[in-house]
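*Asks:* The structure that follows is given in the form of structure tokens.
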Amino acid sequence: MSAETALVTGGAGLIGSHLVDQLLHSGWRVRILDNLEPVTHAESAPHVNPDAEFIRGDVREPTTVRRALAGVDVVFHQAAYGGYMPEVAKFIDVNVVGTARILEAIRADGLSVRKVVLASSQAVYSEGAVNCDQHGLQFPPARALNLLETGEFDVPCPLCGGIAQPALTPESAAAGGENVYAVSKYAEERLSLAWGLQSGIPVVPLRYSCTYGPRQSLGNPYTGVIAIFVTRILNGLPPVVFEDGRQTRDLGFVADVARANLLAAVTDTWDGVPVNIGSGAATSILELASLLCAELDPSLQPVLSGEFRVGEIRALTPDTSRAEAANHFPRVGLREGLRAYLDWIRAQDPIAECFSSAAARLRDTGMLRRTAAATAPRRSSTIG
Ligand SMILES: NC(=O)c1ccc[n+]([C@@H]2O[C@H](COP(=O)([O-])OP(=O)(O)OC[C@H]3O[C@@H](n4cnc5c(N)ncnc54)[C@H](O)[C@@H]3O)[C@@H](O)[C@H]2O)c1
Ligand SMILES: [Zn+2]
574 MSAETALVTG GAGLIGSHLV DQLLHSGWRV RILDNLEPVT HAESAPHVNP DAEFIRGDVR
634 EPTTVRRALA GVDVVFHQAA YGGYMPEVAK FIDVNVVGTA RILEAIRADG LSVRKVVLAS
694 SQAVYSEGAV NCDQHGLQFP PARALNLLET GEFDVPCPLC GGIAQPALTP ESAAAGGENV
754 YAVSKYAEER LSLAWGLQSG IPVVPLRYSC TYGPRQSLGN PYTGVIAIFV TRILNGLPPV
814 VFEDGRQTRD LGFVADVARA NLLAAVTDTW DGVPVNIGSG AATSILELAS LLCAELDPSL
874 QPVLSGEFRV GEIRALTPDT SRAEAANHFP RVGLREGLRA YLDWIRAQDP IAECFSSAAA
934 RLRDTGMLRR TAAATAPRRS STIG
């Protein structure tokens with residue numbers, strides 16, 4: 574079979590750039606469409622593989638999108654506006670309208686695209702699944718604000734209100750999105766799946782967990798917990814942890830996440846269904862912050878700010894059985910992945926710390942709130 578042509582939107586970003594490398598390595602012809610979003614790329618030069626064709630342009634711009642799609646067999650749609658920011662319209666515009674532009678152009682021009690692989694997110698889940706001794710596996714709704722305000726962070730059983738243990742979250746769990754980014758990713762996913770049914774072109778939304786690795790944006794203060802902690806520590810400041818630090822995330826190494834895209838292009842078992850892509854292991858945020866301090870500056874300790882972000886999931890570890898059934902297994906564990914990331918970051922120019930101003934902006938917009946239990950001396954303004 575002659576080489577196929579891939580379009581990687583967002584191919585200058587974290588996941589997209591690793592995906593581009595892997596596709597080229599596997600013999601694909603690759604075209605990148607990326608507008609080099611300033612929020613993402615302000616602090617460091619984007620990584621654009623010179624063996625790929627690069628179109629600097631916006632997924633929202635119909636003429637550019639049509640040009641980028643010419644002769645493409647598989648679209649890997651990675652471009653998105655990401656993170657936990659106060660913008661509303663821009664998330665919907667880039668993530669939902671941008672996706673719509675791509676889908677529309679494929680059908681309007683009768684293009685020969687044979688599959689669309691989509692970067693979805695585990696942010697689409699309302700909350701991680703829990704297990705109750707009495708009621709078994711449950712899929713709770715988002716946590717109530719009044720409980721968070723009193724420092725009740727753990728997720729109770731939605732049926733009896735009793736203590737429940739975090740459980741693996743399958744793709745069938747309740748989804749919808751509890752913050753603006755998450756809503757935009759869920760809309761992107763639903764829109765693409767519905768369009769896939771209508772058009773007969775298979776769509777595969779991959780629900781990535783928190784992805785990290787070399788080339789992650791250092792200038793975007795709202796995405797990538799590891800990048801945010803590391804830039805604080807490298808500036809001699811303690812990482813700031815919300816809630817009680819016992820919230821957990823699944824941390825996926827970028828090369829593993831990128832590799833799932835190549836599999837999505839060739840297997841048909843994922844066509845038309847969302848697929849969790851992650852490590853399948855829970856890491857608490859406090860544990861992560863402590864680990865990074867120990868590696869980079871043992872004189873620092875994480876600080877609990879006594880705050881919480883509205884619309885955050887408490888504990889999310891994906892059930893990755895669907896991915897495993899198609900033979901996708903992560904290869905890089907957290908320690909090895911962090912080592913690769915830290916080696917990369919040590920080779921970068923000094924990086925400005927931008928978390929403090931970002932946190933102030935979130936406070937001003939009500940997205941970052943204090944728990945009543947938090948005491949005055951730990952006020953966030955003293956954290957810097
Ligand atoms: N990194 C994570 O933890 C994570 C987790 C779940 C899902 N995702 C999803 O994976 C995808 C890739 O994420 P990432 O971490 O590589 O992000 P990233 O910000 O590193 O890369 C995104 C790329 O898209 C480009 N882009 C942004 N807006 C664009 C536009 N309007 N037109 C063209 N290009 C545009 C940016 O310039 C950037 O190069 C995104 O869709 C994101 O929502 C990421
Ligand atoms: Zn119960």
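Quick note: to get this note's numbering, add 573 to the position in the sequence shown (first position is 1).
Yeah, the Cβ is synthetic: ideal placement off N, Cα and C, and Gly gets one too.
Please read all numbers here as calculations on a predicted model, not as lab measurements.
#1: Starting from the C-beta of Ile956, find all residues in its chain whose C-beta is less than 7 Å away, skip the five residues before and the five after it, and write them out in chain order.
#2: Taking 6 Å as the line, does the beta carbon of Thr856 fall inside it for any heavy atom of ligand 1?
#3: Exposed or buried, which one is Phe902 when buried takes at least 16 other CB atoms within 10 Å?
#4: Within this structure, are the beta carbons of Glu616 and Gly797 separated by less than 7 Å?
#5: So what does Cys705 bridge to, in DSSP terms?
#6: List the endpoints of the continuous alpha helix (DSSP H) containing Ile588.
#7: Grouping DSSP H, G and I as helix and E and B as strand, with all else coil, what is Leu741?
#8: Does ligand 1 have a heavy atom nearer than 6 Å to the CB of Asp607?
#9: By Cβ distance below 6 Å, which residues in the same chain neighbour Arg687 in space, the five residues on each side in sequence not counted?
#10: For the beta strand (DSSP E) holding Glu909, just list the boundary residues, first then last.
#11: Can Gln595 be considered in contact with ligand 1, in the sense that its beta carbon sits closer than 6 Å to one or more heavy atoms?
#12: Check whether the Cβ of Cys927 lies closer than 6 Å to any heavy atom of ligand 1, and answer yes or no.
#13: When you compare only the Cα positions, how much space is there between His591 and Val905?
#14: In whole angstroms, give me the CA-to-CA distance for Pro811 and Asp817.
#15: Beta carbon of Phe815, beta carbon of Glu909: below 7 Å?
#16: Where DSSP assigns a beta bridge to Glu880, which residues make up the other side?
#17: When burial is assigned at 16 or more other CB atoms within 10 Å of the CB, is His598 buried or exposed?
#18: Report all residues from its chain with a CB closer than 8 Å to the CB of Ile806; omit the five preceding and five following residues, and keep chain order.
#19: For Ile924, which residues of its own chain have a beta-carbon under 7 Å away from its beta-carbon, when the five flanking residues on both sides are left out?
#20: Do Pro705 and ligand 2 come close, with the Cβ less than 6 Å from some heavy atom?
#21: Tell me whether Glu610, by its Cβ, gets closer than 6 Å to a heavy atom of ligand 1.
#22: So, helix, strand or coil for Gly655, using DSSP?
#23: For ligand 1, is there any heavy atom lying closer than 6 Å to the beta carbon of Ile588?
#24: Measuring alpha carbon to alpha carbon, tell me which of Arg602, Ile628, Val648, Gly630 ends up nearest Ala838.
#25: In chain order, what are the residue ranges of uninterrupted alpha helix (DSSP H) at least 4 long that sit wholly in the region 601-681?
#26: Are there any heavy atoms of ligand 2 lying less than 6 Å away from the beta-carbon of Leu732, as far as the coordinates show?
#27: Verify the contact flag: Cys783, CB atom, against every heavy atom of ligand 1, threshold strictly below 6 Å.
*Replies:* With the given structure in hand:
#1: Only weak support exists for where Ile956 lies, its pLDDT of 41 falling under 50; the value from the coordinates is given anyway. Cβ-Cβ distances below 7 Å link Ile956 to Val813, Val876, Ser878 in the same chain, with the five nearest sequence neighbours on each side left out; the list follows chain order.
#2: It does not: the Cβ of Thr856 is nowhere closer than 6 Å to a heavy atom of ligand 1.
#3: Classification for Phe902: exposed.
#4: Cβ atoms of Glu616 and Gly797: not closer than 7 Å.
#5: Paired residue(s): Gly709.
#6: Boundaries of the alpha helix (DSSP H) around Ile588: 587-598.
#7: Looking at Leu741 - three-state DSSP - the assignment turns out to be coil, as it is neither helix nor strand.
#8: At least one heavy atom of ligand 1 is nearer than 6 Å to the Cβ of Asp607, so yes.
#9: Counting only Cβ-Cβ distances below 6 Å, and skipping sequence neighbours, we find Asp646.
#10: Looking at the DSSP string, Glu909 is not in any beta strand (DSSP E); the run it does join, the alpha helix (DSSP H), is 907-919.
#11: No, the beta carbon of Gln595 sits no closer than 6 Å to any heavy atom of ligand 1.
#12: For Cys927, the distance from the CB to the nearest heavy atom of ligand 1 is not below 6 Å.
#13: The straight-line gap from Cα to Cα measures roughly 14 Å.
#14: About 16 Å.
#15: Contact: no.
#16: DSSP lists Arg943 as partners of Glu880.
#17: Burial call: exposed.
#18: Cβ neighbours of Ile806 within its own chain (closer than 8 Å, five residues either side excluded): Pro812, Leu865, Cys866, Leu869, Asp870, Leu873.
#19: The beta carbon of Ile924 sits closer than 7 Å to those of Glu616, Leu791, Thr804, Leu807, all from its chain and outside the five residues before and after it, given in chain order.
#20: Looking at the sequence provided, one finds Cys at residue 705 rather than Pro. Yes, ligand 2 has a heavy atom inside 6 Å of this Cβ.
#21: Inclusion of Glu610 in the 6 Å shell around ligand 1 follows from its C-beta lying nearer than that to a non-hydrogen atom of the ligand.
#22: Looking at Gly655 - three-state DSSP - the assignment turns out to be coil, as it is neither helix nor strand.
#23: Yes, the Cβ of Ile588 comes within 6 Å of a heavy atom of ligand 1.
#24: That would be Val648, whose Cα lies nearest to the Cα of Ala838.
#25: The region 601-681 contains these whole alpha helix (DSSP H) runs: 611-614, 635-642, 671-681.
#26: At least one heavy atom of ligand 2 is nearer than 6 Å to the Cβ of Leu732, so yes.
#27: For Cys783, the CB falls within less than 6 Å of some heavy atom of ligand 1.
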